[in-house]
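Novice: Here the sequence shown is numbered in my numbering, starting from 190 and rising by one per residue. Just so it is clear, CB atoms sit at the ideal spot from N, CA and C, and this is done for glycine as well. Note that the structure is a prediction, hence the values are computed from the model and not measured.
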Amino acid sequence: MSFSVMIFISLSVIAQNNKVSGEVKDIKGNPLAGASVLVKGQNKGASTDKSGAFSIANLANGKYNLVVSFIGYKNQDITITVPQTTNLVVSLEEDTEDLEEVVVTGVFDKRTKMESSVAISTLNAKQMSLLAPTSAADLLRNVPGVYVNNARGEIANSVYSRGISAGSIDNASGYYYVSMQEDGLPLMNVNYGTDNYLRADITTERLEAVRGGTASILGANAPGGIFNYVSKTGGRTFQGEIRAKVGLEGNGKNPFYRTDVNFGGPLNKDGSLTYNIGGFYRQSDGARYPGYASNNGGQVKANIVKNYSSGSLKIYAKLLDDRNAQAEFIPTQGWADPKIVSGLSTTDSYNLPAFSMQIPINNTGTAIFNSKDKYYNRDKTIGLNWTQDLGSGWTFKNDGKYSAKKVTGNAPAVVTPFATDGIVFYGLPNLIQTGHLGTYTFTDKVTGQTLGTVGVFPNIVDGHFAGFNFVPGANNNFPGSNIQKNSLFFLPLFYQDISINEFMDQFSFSKKLEKMSFNFGGFYANSDVSRVGGQDDSGVGVGTLQDQPHLVDISLVGLDGQKYQITDPNGFMDLGRGGISTSKATKNQLALFLGHNWSITPALNLDWGLRYERTNIAGTNTPATRNPRAYDPTYGGTDGNPLTVYDNGGGIAGTPLAFDKTMKTLSFSAGLNYRMSEEMAVYVRYSNGNKTPDIGNFFSATDANLIASLNTDAQNIEQLEAALKVKKNDLTLNVTPFFSTLSNVPNLQFAFQDATGNNYNPTTLYAKYRTYGVEFEGNYVFSANFSLRAHATVQNSTAVSFKTWIASGKGREYDVIQDFSGNETDNNAKLMFGIAPTYTLGKFNAMLNYTYLGSRQANVPNAFKLPAFGQADLSLGYAVSNNVRLQANVNNILNTYGVMGWSGPGGFPAALNRQGFTKDFIAANPTATYATQGSMPRSYFLTLSYKF
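#1: Taking 6 Å as the limit between beta carbons, can you name the residues of its chain near Met-190, skipping five residues before and five after?
#2: Taking its Cβ as the centre, do 16 or more other Cβ atoms sit within 10 Å of Gly-467, making it buried, or is it exposed?
#3: Can you find the residues in the same chain that come closer than 7 Å, C-beta to C-beta, to Ser-706, ignoring five residues on each side of it along the sequence?
#4: With distances taken Cα to Cα, identify the nearest neighbour of Asn-905 among Val-399, Ser-856 and Phe-927.
#5: Kindly indicate the opening and closing residues of the beta strand (DSSP E) around Met-705.
#6: With DSSP run on the structure shown, which of helix, strand or coil describes Ser-670?
#7: Flag this pair as touching only if the region 633 to 649 and the region 678 to 692 have three or more C-beta atom pairs under 8 Å; answer yes or no.
#8: Kindly indicate which three-state DSSP category Ala-314 falls into: helix, strand or coil?
#9: Is Lys-421 near Thr-392, with beta carbons less than 8 Å apart?
#10: Since I believe Ala-506 is in contact with Thr-570 (beta carbons under 8 Å), could you give me their beta-carbon distance rounded to a whole number of angstroms?
#11: Using beta-carbon positions only, say whether Ile-519 and Thr-1121 come within less than 8 Å of one another.
#12: Taking the beta strand (DSSP E) that Lys-1108 belongs to, which residues open and close that run?
#13: Using a Cβ-Cβ cut-off of 8 Å, state whether Lys-1136 counts as contacting chain B.
#14: Bridge partners for Phe-1033 per DSSP, in chain order?
#15: Quick check on the DSSP output: what are the complete alpha helix (DSSP H) runs of length 4 or more inside the region 858 to 930, in order along the chain?
#16: DSSP state of Val-209, grouped into three classes?
#17: Assign Ile-198 to one of three DSSP states: helix, strand, or coil.
#18: Quick one: is Arg-818 buried, meaning 16 or more other Cβ sit within 10 Å of its Cβ, or exposed?
#19: Are the CB atoms of Val-367 and Phe-416 nearer to each other than 8 Å?
#20: Run through the region 776 to 854 for me and flag every whole beta strand (DSSP E) of 3 or more residues, listed as ranges in chain order.
#21: Should the region 795 to 811 be called in touch with the region 750 to 761, which here means at least 3 C-beta pairs below 8 Å?
#22: Runs of 3 residues minimum, wholly inside the region 474 to 544: which ones carry the beta strand (DSSP E) assignment?
#23: From which residue to which residue does the alpha helix (DSSP H) around Tyr-615 run?
#24: From Pro-412 to Gln-938, what does the alpha carbon distance come to, in whole angstroms?
#25: For Ala-1057 and Ser-1044, what's the separation of their Cα atoms in angstroms?
#26: Between the C-alpha atoms of Pro-549 and Gly-826, what's the straight-line distance to the nearest angstrom?
#27: Give a yes or no on whether the C-beta atoms belonging to Ala-242 and Asn-207 are separated by under 8 Å.
#28: Under 8 Å, with one C-beta from each stretch per pair, do the region 437 to 457 and the region 1122 to 1137 reach the 3-pair mark?
#29: By the three-class DSSP mapping on this structure, what secondary structure does Tyr-1086 have?
#30: Indicate the three-state DSSP secondary structure (helix, strand or coil) for Asp-372 in the structure shown.
#31: Can you tell me whether Ile-493 is buried or exposed? The criterion is at least 16 other CB atoms within 10 Å of its CB, across all chains shown.
#32: Taking 6 Å as the limit between beta carbons, can you name the residues of its chain near Asn-947, skipping five residues before and five after?
#33: Distance check for Asn-816 and Tyr-824, CA to CA, integer angstroms please.
#34: Should Ala-996 be labelled buried (16 or more other beta-carbon atoms within 10 Å of its own) or exposed?
#35: Assuming contact is defined by CB atoms lying nearer than 8 Å, are Ser-483 and Gly-342 in contact in what I supplied?
#36: With Ile-267 as the anchor, note down where its beta strand (DSSP E) starts and where it stops.
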């Protein structure tokens, strides 16, 4: 498939005194240094200098054919006559699939794909403009070997490759093994809501994607891959583009509006100082409309570049201000063929309705919870890229940046059916513990309709207390009884406020010899992270089981005959709950690396490298304890009234618990590349990398025992890969077999429950995974009008060692370990592929992009499989003029609901223990209701772009 981008190169040819001279420039007016200009049939030619100029002397009068070529572009033949004084303008077409394309990611120095022993794919600005991605990560669906789960929307995506995917079924671990980068540096150096701060827009020049391999030594604690979003820079002529995009998401129901602007040019006469500025603003109701905008906000990016005779300096900045919702899981039935439960749909939203309220933060203050803010993401970044030629083959390169990131979460979490006739419903908000027994009444706050009643009474057997009885009313009419009887959606107030201030810098010195080059340097990052909340909710709401749930008012007529108000005027109970934990930590990471490249022969090249990393994470977790007065039935809470139960909760900040851990790793990678001909090359590479625990692992340790048992051992990732690379006429092909092992992986299980309804987390067990497979990537140009691009991954992934706890429902001492070693790993499809034919006729172009994801095991116990599915996206474009273009996109043409993730049956908290469900459970509960997250519903977009 050809994603050809027309790059106009101005070749001014002046033939005087039997000499041809000229310049080679790109569309921005920048000189192309190193372009080749050859006289066909003669042993004469020249290369352009740093200013793009060339000269060919000693030509007799007559006609000649010049061949102009530049790496990454298709050659162009030009006929000239000597002597001649007219200027020629030559248009070269960029070869987007060219293995001679220069890449900068995953290599120590710039080199072509054909020369590099690394699996790297690229998407340029033209290719990306033909797509209508849901998120920045969604672009990676077009890269072989990369799995992307975009079911949550703009943020909270998951990305992994080649089976290095432990925990990927949980969106919170979505970027654990990979490095998402902007302009050569990690977007952030803590894996904590990574894509909250990443947006691909009109300022993105290209995307370079490295799978495995050199990521072990060139990625910061990211052995699974590097995905680098490279920004546009200005040129020597002023240019710009405006894109206005409108659409309908949610299967054509929900409006979408977006504007992108980018422009740049010179700041001085000789064009050595340039600028570029651009960004976007977007407002959309989203694929699953919660009753207010799902996504509203944007970003601005800018840079200034100074090119001088011995180097270049770029200073850049980014300002992001964006509010984004996360789609919740949808109740589903059918293990072999999942279907959304009757009465619900794939376009439903189960987020909170619009409201704003004050919530307590322990005994130290308050915060505003505004549901319309959703996840409010902000990023202020300033950085520089500096390259300096030191002479004698030495080059110095330094990339550094400072960023201040902040996210405020105002959203629910683990939204699942919550049974009103079970002990957890009344135990979680501290009602049973405080003696609030009697008859509860549930009323829809929107319609005023009484939904039903539940009696909560002590169970007395032979004069002794034997638990509680829960008695649903005879006339109960809770919506969604086909999903779970007498149930409501669990809608907790999960407030979090996270600030991340980071400085990072990477420097390197390189020395080029005749047949060798050496690179050595270092990476340093300092990350200060503070967190309020994120693990504890600040109150519990419940909503009707329907699209845009209605919050429910709850009241109680107690056994004492008194009427108690359980929920506040907004519909929430137990405000402040048992307090909110807070955390602060500093992560200091220092890495030293060495790389050596040796051209053993003109065809054979060896490169290898080492990376030593030392990471220290030190900080405190401050757990909270429930206000002891909350257990006093006469306590009136903040308003002093014992009959308003909703404000009787809250917590008291405890004693800070300190942690201070240092982790050290040594990683290695080596590759051998052999160029058999101009059209074919092969390589082989071995890598041994490591992944140390990230800061989120430390923040989860909220008591002294958990801190004492923190496991700081690194996960080990071994990878072996080989590749055949072919570039012949109209065919480009890469075939890459690979093998990887991932060991020392924690199997984290949460929210087990004992017989009294108390939650606990079982002891962590550790696993090992093995994956092998082969990746294919190719492009074939059938004609000037038709091309086909395709990619595929065939793989097999096994849990070599995997054990999990099976909850007893009685207590920790009754739980048992079950061994599932030898099973398939979860969420790894044996087959993934994509195919994209493109047709161009004059001003019209069309592209159909079809992607397929094979069936995947839902968990390592292999309880059931998530089914295979395919998705087709259509792009149609028409060039109205040289400056104006109209494009239409239809995503998910067939409106396929492809299951990407799941949570178990039983409602909260049982649904969270995905690894605890077995084949026996599935067989015994064939009609159980569980929950899934799936691909985005069908959407329509129309984009008008104007270039100037």
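Specialist: In this structure, then:
#1: As a first step, residue 190 must be located in the sequence shown, where it is residue number 1. The predicted model places Met-190 with a pLDDT of 41, which falls under 50 and marks its position as unreliable; any figure quoted below should be read in that light. Excluding residues within five positions, the ones whose Cβ falls inside 6 Å are Asn-968, Ser-976, Leu-977, Arg-978, Ala-1025 and Thr-1027.
#2: As a first step, residue 467 is located in the sequence shown; it is residue number 278 there, counting from the start. Classification of Gly-467: buried, given that the 10 Å Cβ count is 16 or more.
#3: Here residue 706 is taken as the residue at index 517 of the sequence shown, counted from 1. So the qualifying residues of the chain are Asp-298, Ser-699, Lys-700 and Asn-786.
#4: Position 716 of the sequence shown holds residue 905. Nearest C-alpha to Asn-905: Ser-856.
#5: The residue labelled residue 705 in the question sits at position 516 within the sequence shown. Here the beta strand (DSSP E) through Met-705 covers 705 to 722.
#6: Within the sequence shown, residue 670 is the residue found at index 481, counting from 1. Reduced to three states, the DSSP call for Ser-670 is coil.
#7: No contact exists between the region 633 to 649 and the region 678 to 692.
#8: For the purposes of this step, residue 314 is identified with residue 125 of the sequence shown, where counting begins at 1. It is helical.
#9: The residue you call residue 421 lines up with position 232 of the sequence shown. The residue you call residue 392 lines up with position 203 of the sequence shown. In this structure, Lys-421 lies near Thr-392, with their beta-carbon atoms less than 8 Å apart.
#10: For the purposes of this step, residue 570 is identified with residue 381 of the sequence shown, where counting begins at 1. For the purposes of this step, residue 506 is identified with residue 317 of the sequence shown, where counting begins at 1. With a Cβ gap of about 6 Å, Thr-570 and Ala-506 count as contacting.
#11: Walking along the sequence shown from the start, residue 519 turns up at place 330. Walking along the sequence shown from the start, residue 1121 turns up at place 932. Against a cut-off of 8 Å, the Cβ pair of Thr-1121 and Ile-519 comes out as a contact.
#12: Along the sequence shown, one-based indexing puts residue 1108 at 919. That residue, Lys-1108, is in no beta strand (DSSP E); its alpha helix (DSSP H) goes 1108 to 1113.
#13: Chain labels in this structure do not include chain B; a single protein chain is all it has.
#14: As a working note, residue 1033 is residue 844 in the sequence shown. DSSP lists Leu-1030 and Tyr-1067 as partners of Phe-1033.
#15: 884 to 888 and 893 to 897
#16: Position 20 of the sequence shown, counted from the start, is the residue given in the question as residue 209. Strand.
#17: Mapped onto the sequence shown, residue 198 falls at position 9. Residue placement at Ile-198 is poorly supported in this model, since its pLDDT is 44, which falls under 50; the coordinates still yield a value, given next. When DSSP states are grouped into helix, strand and coil, Ile-198 belongs to the strand group.
#18: Counting from 1 along the sequence shown, the entry for residue 818 is found at position 629. It is exposed - the Cβ of Arg-818 has fewer than 16 other Cβ atoms within 10 Å.
#19: As a position in the sequence shown, residue 367 is number 178, starting the count at 1. As a position in the sequence shown, residue 416 is number 227, starting the count at 1. Contact flag set, yes.
#20: 793 to 811, 813 to 815 and 840 to 842
#21: no
#22: 484 to 497, 500 to 513 and 519 to 522
#23: Taking the sequence shown and counting its residues from 1, the one referred to as residue 615 is at position 426. 612 to 616 is the extent of the alpha helix (DSSP H) around Tyr-615.
#24: In the sequence shown, counting from the first residue as 1, residue 412 sits at position 223. In the sequence shown, counting from the first residue as 1, residue 938 sits at position 749. When rounded, the distance between both Cα atoms is 24 Å.
#25: Residue numbering aside, residue 1057 sits at position 868 when the sequence shown is read from its first letter. Residue numbering aside, residue 1044 sits at position 855 when the sequence shown is read from its first letter. For Ala-1057 and Ser-1044, the distance between alpha carbons rounds to 4 Å.
#26: Your numbering for residue 549 matches position 360 in the sequence shown. Your numbering for residue 826 matches position 637 in the sequence shown. Looking at the two C-alpha atoms, the distance is approximately 12 Å.
#27: Here residue 242 refers to the residue found at position 53 when the sequence shown is read from its first residue. Here residue 207 refers to the residue found at position 18 when the sequence shown is read from its first residue. Contact flag unset, no.
#28: yes
#29: Stepping through the sequence shown from its first residue, residue 1086 is reached at position 897. Coil, per DSSP.
#30: By 1-based counting over the sequence shown, the position of residue 372 is 183. Here Asp-372 sits in coil by DSSP.
#31: Here the question's residue 493 lines up with position 304 in the sequence shown. Label assigned to Ile-493: buried.
#32: Taking the first residue of the sequence shown as 1, we reach residue 947 at position 758. The answer is none, since no qualifying residue turns up.
#33: Taking the sequence shown and counting its residues from 1, one reaches residue 824 at position 635. Taking the sequence shown and counting its residues from 1, one reaches residue 816 at position 627. The straight-line gap from Cα to Cα measures roughly 11 Å.
#34: As a working note, residue 996 is residue 807 in the sequence shown. That one is buried.
#35: By 1-based counting over the sequence shown, the position of residue 483 is 294. By 1-based counting over the sequence shown, the position of residue 342 is 153. Yes, they are a contact pair.
#36: The residue labelled residue 267 in the question sits at position 78 within the sequence shown. Its beta strand (DSSP E) spans residues 265 to 271.
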